[in-house]
Each structure stands twice: as C-alpha cells, then as structure tokens.
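Protein chains in written order, with my numbering: chain A, 1 to 359; chain B, 360 to 718. Cβ coordinates follow ideal geometry from the N, Cα and C atoms, glycine included.
The following block contains the structure:
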C-alpha cells in the first residue's frame, strides 16, 4: 500500500480514470504515496461554521433540514469553500436508516436523538422494512449527493456515509444515546438470534442505501461505528465485523473507510475487511495502529478534537507531531467529530498545518 | 508475584499478621497463589439488592443516605450477607471529595450528579479547600467504615475508595456527566498550569482522606478513574499517572487497586505505579492485560456486566472462560459497576461460579 503502484484492490471507478485526474484524497485513500496528507474533519459540515448556523436557522426542525436536498447540499459544500478541506461529506444523519426501516426518531435540541418506539422482540423486527424496499425512501439523501456533486464540479471528492450495523442496532434497541447501552448489549446475550436477524436487516438496508449513494456520485464511503467501544472483543467479532464485511464486499466500486470508535481491540480484525481506510480515535497511538493493521490499510485520524481549543502554535505543534508519527502516509482528520463550539481559527490552523506539510 | 512468598512490597499492616489469618481477598491482592480467585462486584452495595432498595426508601435524598453512617454501613454489609462476596466496599460516592473541597453537588434521580457551580479559573481553584483541611469534613465516611469494620467482625476485608484525580477534576470542571467531557479536556490544553494546580489540590485531599480511611479500618483502597478513557495516551501520562503515583506512594499501609476505565493504552504506565492491583474493563482481553502489565500486578475484572442478564448456564460459561484466561491468579469482578437492573440470580450465578472454581 505504500508504493506509487495502484493496489490490486483499486475500485473500478478509479481504474478507468487517468492517474493525473485522481484527486489527492482518493489517491491517499488508495494507499498511494502523496505529496502531502489530505485533510478533512468529521462533522465539518455543521455548527462550527457561521454559514451553517445561518442556514440552520431556516429549519427549526433538524429533520426537515436533512430532508431538504438543496439545504443539505449547501451545508455539504460550505466547509470546502470556507476551510479548503480536501473532501466534502454529504450533510445527513446516520439515523435516516432506522427511520427508513420504519423506526421514526426525533432529534431533541442539545440532547440528541430519541426513538419513541424501540425494538424489543421478534415481532418488532419482523415489522421493519429492509433492503431496497427500505432504502427507496432515502431519495432525499441521494438528491443532496447529486446536487453536491454537480456544484463541487470536481473540486474535491464527495464522501457518502452510513452508520455501521451495530451502532444502528444500538440506537434502535436503546431508543437513544446511553451511558452504558446496556439494553442493546443485553439483547446480544439474551436474544442472539434476534440480534443477528436485526443486524442482517440493517446490513441489507445499508448495502442498498450505499450502492445508491455511489450511483448518485459518492466517491468514497465511510461507515461510522460510534458505539463499537461498548462491546467485548469477542462480541465485536461476532456481532459487528461480519456485517461490516458484507457491506464493504458488496460495494467494490469505491474505496471505503471504517471508523469504529473505541474499537482499539479490533484493529487486527478491521485490517482484514475489504475496505481501504481505517479511521482512528484519539486514544490510539499511530504506532499501535500501524502495528495492529500491519500496513494493510491506510489510516485516518486522529487529533484529539479538544486540541482545536488551543492557540495556533499548540495546534500546529500537535498536528505536526501526529503527521510525523504517521509518516505522512495517511489521511489527516480528528479522532472524533469536531465539537460544535470549536473556534473556527482552531479548525483553520489544523487544516492549514496539514496543507503546508512537507514530508 | 505468582509465588507463595510474600512480595517485597507487602504493606506493614499485613506483614505483622499470622499468614493463616490473612483473608483470601488480601492474599490474592498481594499476588499470592490462592486456592481460588476471590470475588466481589463494583457497585455491589446498591440497587441490585432488595434489602438496599428498602433501606434507600428511608432516604429520599441520596446525599442524606450517604451522610448517615449507620445506613451506609448497613448497605456496605448487605452484599456480604446476601451474596457471600469476598470483600465489602464502603457505601459512599466519589463526589464527596469535591464537596469536601467546597464544590457542592446535587444527585438527580435517574440522571446523575450535577454541580451548580463549576471550576473555570484560577480564582475558583484558589477558593477550594484541600488536604487535611478539606478531608476533615468527611468524618461520616470514616464513621461508616468504623461501623462496617466492627459489624464485619473479620468475616471479609473492607475496601475503602476514592475517585482518581482526573475523574474528580472532570466532574468539577464539566459540572456533571458528559458525552465528550470536552470542557474538562479543553482546560488541559488552554490552562495546563491551572489544571495541574487543581489536580494537585484534589490529590492532596484524596491522600488525607484515604489515610483516614485506613486509620478507620479500610484493608485495601481502590481508586476509580472512570473517565480515564477520554484522554490521549500522552495526556494520561502527564495529567493522570503522576497523581495516581503520589496517592499510591503516600499510603504504604494497605494494598491499592487502580481501576482506570478505558485506559487500555496506559496499562504499561499503570504497571509501574506503587499499587498492587490493576482493575480492567470488559474491553481488555486478559492476554492483552497480562502482556502489558508484564506480571507486575495482580489483575482484577473483567466480565461484561451485561453477561449477568443471561441465563445461569451462559453466566457460568462466560465466567469460567475469564477465570481460565486469567489462569486463576486474579481477583474476579465485573469490568464495570454492576448495572442497577441486573437480576439477582445472575449476580448469584457469577459469585457462585467463582467460589466453586477449582484451578
């Protein structure tokens, strides 16, 4: 993965392009040695930008915002225009998938999502739509991708995304965020067959949804496994990894990134997935990640988002440390989504430090 | 640590006893090879027991409960009587320390703690009491220890405890629980000198408090670093480990356990602390923990608390797996505090499996 040669797993969409037209971000995602690491931020489309906050004011309801493709596309492009990041990520939410499957959610300001109805038994699972049938209600995300792609006009690649099956499962069973996710985790012990049935339905839906995202213009896909760190290593291997595998294998057309927050213990398993990039949270040292993934994957991350509250000098120093530790062969990002109250100057200092980096 | 010889670091309180009178739990904590692993559960004194729930009803206010030594002692002894665990842990809360330092908190039912006033600047830190001056208001915990010790009458050892400085710091700055603890973590970047000053004041108070706990009868002390997993490895080394070290070094009289939840990345540092036992959460495989601590510490843990929602057979199987992985030389516990809605039968199955274990 560390040579200038296209790796054997290069997706078809890339193989047909002239090498010189492949953008920096995609070249890095494919493991090429690039002139500098590309940089973007998880949650870059969001409250850190004054332009976003202005746009958001037009939609008192968050879900109405997500479901208005023109607005979502505008939020998608804002960080490219304002911060000069090397990739755009479509503005949406991972919870559109459970909603499409038939489990409605509310987004409560400053508190997070809440599902009035949760999954408790086999009947609840049977009632859920899945696969293409569920994904077909997500046309608004596809339209946001199409508009974004057109308006980007090739400036930078466009990232599509979805929640990983275990994380979506956790929300559907728990009904919202949780300190322990003990309701969702309990079901893995008490109803393992039911759990696998639900995980498979989520997986089928996610595959259909992500395939459509690629058709609508997504250049790379990222899977967010936000609650990966709640599971034991054994559980992650049986209730998470096989579904991640199915999804990655079902979409060979574009490179894929798996970001499993807190799953330091699963890095060796994640390194075997048919994906190209592994996202890292800020707990994981570059050395540990490199050792565990054995050079099989491109690594993405992993500056502590709180670093961006510092002064410019500290941000530069910490960013350069991480770039050095990764040896330049990686995709620069934070180790978590950027926090909403992060000063814009801090974000700019991070982006600029990476863009000025010379290996 | 794996022989029948008393380790060189054996605390004076133990050295003076006849070997045959040292209880199982303490022998295991000192690294002796024991006939079976001792077992107890974090949060064993609490809502899992009907006797606790009945006692709790007499105190609508949680803090009034904690501050009534007779009631706290009764809660301390209940799990010994009802579950047959090998150690008692004094019923209290880690937040009594910030309160003693001058930062009052409220315990909001089903939500957790809230500090109406938080630490924001140097003046706030200057106003805090610390050391012996702060600890002297915690006489009610000492009295609960004395009553518990008397009523235990030597049946099992009595564990005292405190929050680790970083975790107490996080509550004092954040004002309660948090999804990201970004306010507390931010301060480590923006005001490192202030952060160290506050951490030192917490440390001084904790040392005075724990020394008094030993004088009141605590046979072993456990430090809970509940938010350890929020820090980067570098931050943990500079803002957490040195304070844990000071505390452990200041109380040579009894064995000490450090439970740093989520701090898998710091196991090598923790292995150098002058403590005897390292607590492990359920993410960490016994093999990983053994490798990183290099046999220097006794390990405690780490069954996933959600296992106890299963049927007896599954609980037995999972418990035996963990006992086998640790090779019998460890202290059996969960990887987190037992969840309040855990069925009592599940807890009993866990305790009994360990007690019937033959290496």
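Residues that DSSP places opposite residue 333 of chain A in a beta bridge
In DSSP, residue 333 of chain A forms a bridge with A:302.
Please determine, among B:588, B:489, B:441 and B:406, the residue with the shortest C-alpha to C-alpha distance to residue 455 of chain B.
Measuring C-alpha to C-alpha distances from residue 455 of chain B to each of B:588, B:489, B:441 and B:406 identifies B:489 as the nearest.
In the structure shown, what three-state DSSP assignment does residue 222 of chain A receive?
Three-state DSSP puts residue 222 of chain A in a strand.
Are residue 42 of chain A and residue 337 of chain A close, meaning C-beta to C-beta below 8 Å?
For the pair residue 42 of chain A and residue 337 of chain A, the CB atoms are nearer than the 8 Å cut-off.
Is any beta-carbon of chain A found at less than 8 Å from that of residue 538 of chain B?
Chain A, which has a Cβ nearer than 8 Å to the Cβ of residue 538 of chain B, makes this yes.
Which of the three DSSP states is assigned to residue 453 of chain B in this structure?
Reduced to three states, the DSSP call for residue 453 of chain B is coil.
Tell me whether residue 89 of chain A sits in a helix, a strand or coil according to DSSP, three-state version.
Residue state, collapsed to three classes: strand.
Distance check for residue 447 of chain B and residue 364 of chain B, CA to CA, integer angstroms please.
At residue 364 of chain B, the pLDDT of 39 sits below 50, so the modelled position is not reliable and the matter cannot be decided from this model.
Indicate the three-state DSSP secondary structure (helix, strand or coil) for residue 339 of chain A in the structure shown.
In this structure, residue 339 of chain A counts as coil in the three-state DSSP scheme.
With the cut-off set at 8 Å, would you say residue 260 of chain A and residue 225 of chain A are in Cβ contact?
In contact: residue 260 of chain A and residue 225 of chain A (Cβ atoms closer than 8 Å).
Helix, strand or coil at residue 162 of chain A according to DSSP, with G and I counted as helix
Reduced to three states, the DSSP call for residue 162 of chain A is strand.
In chain order, what residues of the same chain have a beta carbon less than 6 Å from the beta carbon of residue 502 of chain B, not counting five sequence neighbours either side?
Answer for residue 502 of chain B: 428, listed in chain order.
Residues of chain A with CB closer than 7 Å to the CB of residue 669 of chain B, please, in chain order.
Against chain A, the beta carbon of residue 669 of chain B has neighbours under 7 Å at 189 and 190, listed in chain order.
Quick check on DSSP: helix, strand or coil for residue 265 of chain A?
Residue 265 of chain A: helix per DSSP, three-state reduction.
Buried or exposed: residue 362 of chain B, going by 16 or more other Cβ atoms within 10 Å of its Cβ?
A caution first: residue 362 of chain B carries a pLDDT of 39, below 50, which makes its placement in the model unreliable, though a value can still be read off. Exposed: under 16 other Cβ atoms inside 10 Å.
Excluding sequence positions up to five away, which residues of its chain have a Cβ less than 6 Å from the Cβ of residue 609 of chain B?
In chain order, 566 place their CB closer than 6 Å to the CB of residue 609 of chain B, counting only its own chain and leaving out the 5 sequence neighbours on each side.
Going along chain A in order, which residues have a C-beta closer than 7 Å to the C-beta of residue 641 of chain B?
Per Cβ cutoff of 7 Å: 232.
Is any heavy atom in the ligand NAD found nearer than 7 Å to the beta carbon of residue 290 of chain A?
The model on display carries no ligand, and the ligand NAD is accordingly not part of it.
8 Å Cβ cutoff met for residue 134 of chain A and residue 101 of chain A
Closer than 8 Å, so yes.
Cutoff 8 Å: residue 545 of chain B Cβ touching any chain A Cβ:
Put simply, the CB of residue 545 of chain B is near chain A, with a gap under 8 Å to one of its CB atoms.
Endpoints, the alpha helix (DSSP H) within which residue 617 of chain B is located
Residue 617 of chain B: not part of any alpha helix (DSSP H); member of the beta strand (DSSP E) spanning 615-619, first to last residue.
Any chance the region 701-715 of chain B sits against the region 658-678 of chain B, with 3 or more Cβ pairs inside 8 Å?
Judged by Cβ distances under 8 Å, the region 701-715 of chain B makes contact with the region 658-678 of chain B, as three or more pairs qualify.
What residues of chain A sit near residue 666 of chain B, judged by a beta carbon separation below 8 Å?
Ordered by position in chain A, the residues that pass the 8 Å Cβ test against residue 666 of chain B are 189.
Distance check for residue 157 of chain A and residue 521 of chain B, CA to CA, integer angstroms please.
Cα-Cα distance, rounded: 51 Å.
Of all Cβ atoms in chain B, is any one closer than 8 Å to the Cβ of residue 265 of chain A?
Against chain B, the CB of residue 265 of chain A has a partner CB under 8 Å away; the residue lies at that interface.
What does a CB cutoff of less than 6 Å around residue 634 of chain B pick up in its chain, not counting 5 residues either side in sequence?
Within the same chain, residue 634 of chain B has close Cβ partners 607, 615 and 617.
Closer than 8 Å, CB to CB, is residue 346 of chain B near chain A or not?
Residue 346 of chain B is absent from the model: chain B starts at 360 and stops at 718.
Around the C-beta of residue 58 of chain A, are 16 or more other C-beta atoms found within 10 angstroms, so that it is buried, or is it exposed?
Exposed is the call here.
Anything in chain B within Cβ reach of residue 171 of chain A, meaning under 7 Å, just list it in chain order.
For residue 171 of chain A, no chain B residue has a C-beta closer than 7 Å to its own C-beta; the minimum C-beta separation is roughly 14 Å.
Determine, using beta-carbon pairs with one atom in the region 73-89 of chain A and one in the region 38-53 of chain A, whether at least three such pairs fall under 8 Å.
Judged by Cβ distances under 8 Å, the region 73-89 of chain A makes contact with the region 38-53 of chain A, as three or more pairs qualify.
Could you tell me if residue 179 of chain A is buried or exposed, where buried requires 16 or more neighbouring beta carbons within 10 angstroms of its beta carbon?
By the 10 Å Cβ count, residue 179 of chain A comes out exposed.
Do you know whose CA, among A:359, A:345, A:282 and A:154, lies nearest residue 22 of chain A's CA?
A check of alpha carbon separations from residue 22 of chain A across A:359, A:345, A:282 and A:154 identifies A:154 as the nearest.
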